[in-house]
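Just so you know, we're using this note's numbering here: the sequence shown kicks off at 5 and counts up by one. Positions of the beta carbon are idealized from the N, C-alpha and C atoms, including for glycine. Accompanying notes for the structure given below.
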Amino acid sequence: MFRIMGRSGSAMKVLLKPIALIKRIAGDFRKKFRLSISFKISIAYMGLYLVAIIIAILGTMIGYMTYKTVELDKTGDIYSGLIVRKTIEDQEALENYLIDERLSAVLIYDSEFNEIINTRNDHNNYVHNTFFKFETILKEEIYVYSATVSELGEIYYVNIYFDVATILNEVMLIGVLVTFAGLLGMLMIAIVGPSTSKKLVKPISDMTEVTRTISANNINTRLNIKASQHELRDLAETFNSMMDRIEDDYLRQQQFVSDASHELRTPIAVLKGYIDMLDRWGKEDKAVLEESIGAIKNEANNMQDLVEKLLFIARNDKMTLKLTKEEFNVNEIVEEVYKETKMIDEKHIITTSFCQGALIFGDKNRIKQAVRIFVENARKFTPENGEIDIGCYAEDEFVAIRVRDNGIGIKKKQLKKIFNRFYRAEESREKETGGHGLGLSIAKIIVLSHRGKIKVKSTYGVGSSFVILLPYIRLVDEA
Ligand code: ADP
């Protein structure tokens, strides 16, 4: 059984071999002679043109022939009555009435189909269907006109045979002339066509050329939109706007790397300074030793914090940031952040205002991290004994978590920049508050990844209010 199957399988393979070979040769041919689009367009137009010529040739020939047979039918209508009348009067004299030189023969039957006259001996049928007429035109160069004539109260069936040799010659001549004109047109297309279609697809080769040269060094290169038209213009515009986006991302990335390196440079320099100090005097001087160790610890923590923030942002950029979402009540977060802040911060008055309970679906730790960022900032930018309030309330389909302080506030022109990476207002730089300008960027990432919004209100010298708006599942009883 298996052997039989094996044999039929190999027989199949042998049978399929020539097909595979043909496929391979065709593939090789296609690869070697990669036909250009302009060539293919020319060929396609030539093909269409050929079909048009054939239709034109057949159309003019058939049209002319039909026109002529209509004319013959009209002549037949005039002659048929006359011929029947004269034949009844004197059959012998009929020839005198074959007045028209195109009229080659006549066949007349009476109403019982008795032949009265037949000048065409080989035909004695009164047939007048279209196919028969067509056949006799082609075979005998004769057009048969058929009619029923009533004369002196009797019915007669008449066939008049017209010689159409001249007409056929004219039809042939017309055919030849139209074919000639068509071929002339084809020759023109063959000469002019390739350059026209090449002109049409030139923007594509230009685009290929430009695209090939684009790299990180000349990322601002764009395609020339004016050189192309219609769909190719759309393509060029789409390509350019794609390049705009890539360039933006690339520049932002470069800026991020240079800002990050810059931020890391300071703590590394501080570390090096203290290590040098330890190396020189720290071994003997206990005070220097303790100061240096404390500072090194502080800077190491600072660096760790920065690196973690950078990693968070990088993960978000790479879209690999993972959120562990669950259902929870926002006032749990508010309560926890309020309690921990109150515990660690004795320099400010920490309060919590009315808090609307609301169930939301999100990553609790991340949202807490965002709230902490706002509270951290409030603590940093609020002088001692200032007030910091954390609360929540419902606003349309969102639940709002608000962190409000009566600290230094933010100037209007700085307000739009505070969410930019590494941005710190001059005041905070001077104050040595220790931030890297990444906190709000991270908070923004977290809130946006929960389909939320952030609202900021701040008056310089009066205080600030940061509100996180998150879509809730449902509101629950007040806390
Ligand atoms: P940083 O780590 O420096 O605090 P952020 O991104 O969190 O960075 O904040 C950016 C800047 O926005 C801060 O440097 C500060 O100038 C301003 N800012 C943020 N929150 C407040 C606030 N509550 N009061 C005043 N200024 C603030």
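CB contact flag (residue i, residue j, <8 Å)
i: Leu405; j: Thr356; result: It is Ile, not Leu, that sits at residue 405 in the sequence shown. No, Cβ-Cβ distance for Ile405 and Thr356 is not below 8 Å.
i: Val466; j: Leu419; result: no
i: Val341; j: Cys396; result: no
i: Tyr165; j: Ser108; result: yes
i: Val88; j: Val153; result: yes
i: Asn173; j: Leu111; result: no
i: Ile59; j: Thr91; result: no
i: Leu327; j: Arg370; result: yes
i: Ser468; j: Gly413; result: yes
i: Met65; j: Val175; result: yes
i: Ile392; j: His352; result: yes
i: Tyr278; j: Ala362; result: no
i: Ile171; j: Tyr53; result: no
i: Leu474; j: Phe402; result: yes
i: Ile449; j: Asn244; result: no
i: Glu139; j: Ala169; result: no
i: Thr345; j: Val379; result: yes
i: Arg425; j: Ile300; result: no
i: Tyr61; j: Gly179; result: Reading off the sequence shown, one finds Ile at residue 61, where the question assumed Tyr. Cβ atoms of Ile61 and Gly179: closer than 8 Å.
With 16 other Cβ atoms within 10 Å as the buried cut-off, status of residue i
i: Gly67; result: exposed
i: Asn381; result: buried
i: Tyr71; result: exposed
i: Gln257; result: exposed
i: Phe271; result: A quick correction: the sequence has Pro, not Phe, at residue 271. Looking at its Cβ environment, which holds 16 or more other Cβ atoms inside 10 Å, Pro271 is buried.
i: Tyr254; result: exposed
i: Glu105; result: exposed
i: Gln259; result: exposed
i: Phe6; result: A caution first: Phe6 carries a pLDDT of 42, below 50, which makes its placement in the model unreliable, though a value can still be read off. Under this definition Phe6 is an exposed residue.
i: Ser445; result: buried
i: Gln233; result: exposed
i: Thr200; result: exposed
i: Glu303; result: buried
i: Asn335; result: buried
i: Met69; result: buried
i: Phe385; result: buried
i: Lys313; result: buried
i: Asn305; result: exposed
i: Ala429; result: buried
i: Val375; result: buried
i: Thr212; result: exposed
i: Leu76; result: buried
i: Val74; result: exposed
Closest Cα partner of residue i within the set the options
i: Gly411; options: Pro387, Arg428, Asn424; result: Pro387
i: Gly331; options: Phe470, Leu479, Ile272, Ala109; result: In the sequence on display, residue 331 carries Glu and not Gly. Selected option, being the one with the closest Cα: Leu479.
i: Gln373; options: Phe385, Phe426, Leu442, Tyr161; result: Leu442
i: Leu447; options: His352, Glu213, Phe423, Ser468; result: The residue asked about is misnamed: residue 447 is Ala in this sequence, not Leu. Measuring from the Cα of Ala447, the nearest candidate turns out to be Phe423.
i: Glu241; options: Leu227, Glu251, Asp252; result: Leu227
i: Ser209; options: Ser453, Ser42, His454; result: Ser42
i: Leu268; options: Gly51, Gly456, Ile26, Gly439; result: Gly439
i: Asp481; options: Asn302, Lys415, Gln360, Met50; result: Gln360
i: Asp167; options: Asn133, Thr79, Met246; result: Thr79
i: Phe358; options: Arg408, Lys329, Ile364; result: Arg408
i: Glu158; options: Phe117, Met190, Phe136; result: Phe117
i: Ile250; options: Asp238, Ser219, Asp280, Val274; result: Ser219
i: Val182; options: Ile57, Ile47, Ile354; result: Ile57
i: Glu295; options: Lys21, Met247, Leu275, Glu235; result: Leu275
i: Glu399; options: Lys322, Ile348, Gly456; result: Gly456
Reduced DSSP category for residue i - H, G, I as helix; E, B as strand; rest coil
i: Val18; result: helix
i: Ile178; result: helix
i: Ile364; result: strand
i: Tyr149; result: strand
i: Leu442; result: coil
i: Arg89; result: helix
i: Asn221; result: helix
i: Pro475; result: strand
i: Ile208; result: helix
i: Ile193; result: helix
i: Ala429; result: coil
i: Ser201; result: helix
i: Asp167; result: strand
i: Tyr464; result: coil
i: Asn228; result: coil
i: Ser357; result: strand
i: Phe316; result: helix
i: Gly390; result: coil
i: Asn118; result: coil
i: Glu330; result: strand
Check: residue i C-beta below 7 Å from any heavy atom of ligand 3
i: Ala429; result: This structure lacks ligand 3; its bound ligands are ligand 1.
Does the segment 147 to 161 come into contact with the segment 73 to 87, if we say contact requires no fewer than three beta-carbon pairs (one atom in each stretch) closer than 8 Å? Yes, the segment 147 to 161 touches the segment 73 to 87.
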